[in-house]
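Anchor point for the sequence shown: position 81 equals 81 in the working numbering, and the numbering is continuous, going up by one each time. Glycine included, C-beta positions come from ideal geometry on N, C-alpha and C. Single-structure report; data block below.
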Amino acid sequence: MKNRGLLIIVSAPSGCGKGTILAEILKDKAYHFSVSATTRPPREGEIDGVNYHFISKAEFEDIIEKGGMLEYATYCDNYYGTPKQQVEGMLDKGKNVLLEIEVQGAMQMREICPEGVLIFINPPTISELQRRLKKRGTESDEVINARIEQARKEMKYANEYDYIIVNDRLEKAIKDFKSIIRAEELSTKKNKMKKTEAESC
Ligand code: 5GP
1 MKNRGLLIIV SAPSGCGKGT ILAEILKDKA YHFSVSATTR PPREGEIDGV
51 NYHFISKAEF EDIIEKGGML EYATYCDNYY GTPKQQVEGM LDKGKNVLLE
101 IEVQGAMQMR EICPEGVLIF INPPTISELQ RRLKKRGTES DEVINARIEQ
151 ARKEMKYANE YDYIIVNDRL EKAIKDFKSI IRAEELSTKK NKMKKTEAES
201 C
């Protein structure tokens with residue numbers, strides 16, 4: 001029988017470079033990216049069903065009501081959530097499932113799935129984060145300021161995660177990420193939990 005995959009929950013303030021790190025990790029077919037649902041409009045270049053499932057507020061609330069979200073949160077006035085479908089099936093297939101979610105959702109997941117691996121990615125500094133967000137050029141100054149404020153709040157939760165990676169150098173951050181996952185795959189602690197608690201999510 002195939003080993004169950006790891007549920008990996010990653011949070012990082014937006015503009016932290018987490019997208020680049022995860023894109024590198026996802027080149028490995030052992031990983032499955034859980035596509036979230038959101039009510040925020042797509043950014044240029046984002047594809048429905050690939051980056052997110054872009055849905056209306058009414059549709060999102062309907063899924064919540066039917067118990068179809070593993071976790072969800074509001075972030076900068078929009079809903080974001082992890083549809084239950086797929087996550088369970090992919091874990092059973094032995095895939096490492098990656099959830100890229102913000103801190104409220106991650107704290108929910110810590111309760112629902114204690115065997116999940118929680119990783120927080122920190123920017124080197126807030127001013128570097130500001131510079132990266134401005135350089136991305138996809139948001140107005142007002143939205144950037146709201147996201148910086150949000151980042152400050154989120155970074156206070158970093159110590160609630162199992163691991164913190166500082167993305168000051170991309171190659172190092174990717175190496176750190178891979179090392180964490182390898183250690184978790186070899187961990188007896190997680191393997192024991194898989195047998196007892198894994199059915200919960
Ligand atoms: P963005 O709008 O920049 O794509 O995402 C904003 C925030 O929402 C990010 O911190 C991202 O990690 C988070 N997010 C994306 N999908 C989900 C989700 O399914 N659940 C939760 N709780 N947060 C999510």
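Proximity of residue i and residue j at Cβ, strictly below 7 angstroms
{"i": "Leu129", "j": "Arg4", "result": "no"}
{"i": "Ile119", "j": "Val10", "result": "yes"}
{"i": "Glu59", "j": "Gln108", "result": "no"}
{"i": "Glu184", "j": "Leu26", "result": "no"}
{"i": "Arg43", "j": "Thr138", "result": "yes"}
{"i": "Gly45", "j": "Leu133", "result": "no"}
{"i": "Cys76", "j": "Ala158", "result": "no"}
{"i": "Glu207", "j": "Val103", "result": "Lying outside 1 to 201, the shown extent of the chain, residue 207 is not represented and no answer is given."}
{"i": "Val117", "j": "Ile8", "result": "yes"}
{"i": "Gly68", "j": "Ala37", "result": "no"}
Check: residue i C-beta below 6 angstroms from any heavy atom of ligand 1
{"i": "Thr20", "result": "no"}
{"i": "Gly101", "result": "One detail in the question is off: residue 101 reads as Ile in this sequence, not Gly. At least one heavy atom of ligand 1 is nearer than 6 angstroms to the Cβ of Ile101, so yes."}
{"i": "Tyr161", "result": "no"}
{"i": "Tyr80", "result": "yes"}
{"i": "Gly105", "result": "yes"}
{"i": "Tyr157", "result": "no"}
{"i": "Ser36", "result": "yes"}
{"i": "Ile73", "result": "Going by the sequence as given, residue 73 is Ala instead of Ile. Yes, the Cβ of Ala73 comes within 6 angstroms of a heavy atom of ligand 1."}
{"i": "Arg40", "result": "yes"}
{"i": "Ser14", "result": "yes"}
Whole-angstrom distance between residue j and residue i, CA atom to CA atom
{"i": "Leu98", "j": "Thr74", "result": "20 angstroms"}
{"i": "Pro13", "j": "Lys189", "result": "29 angstroms"}
{"i": "Asp176", "j": "Arg182", "result": "10 angstroms"}
{"i": "Gln150", "j": "Tyr52", "result": "21 angstroms"}
{"i": "Tyr79", "j": "Lys95", "result": "27 angstroms"}
{"i": "Tyr161", "j": "Ser140", "result": "31 angstroms"}
{"i": "Pro123", "j": "Arg131", "result": "11 angstroms"}
{"i": "Phe54", "j": "Lys66", "result": "18 angstroms"}
{"i": "Gly89", "j": "His32", "result": "11 angstroms"}
{"i": "Arg152", "j": "Lys135", "result": "19 angstroms"}
Along the chain, which unbroken stretches of the alpha helix (DSSP H) at least 4 residues long are found entirely within the region 106 to 183?
-> 126 to 136 and 141 to 155
Continuous beta strand (DSSP E) assignments of at least 3 residues falling wholly in the region 25 to 73 = 31 to 33
Specify whether the region 10 to 27 and the region 154 to 170 touch according to this definition: at least 3 beta carbon pairs, one from each stretch, less than 8 angstroms apart.
-> yes
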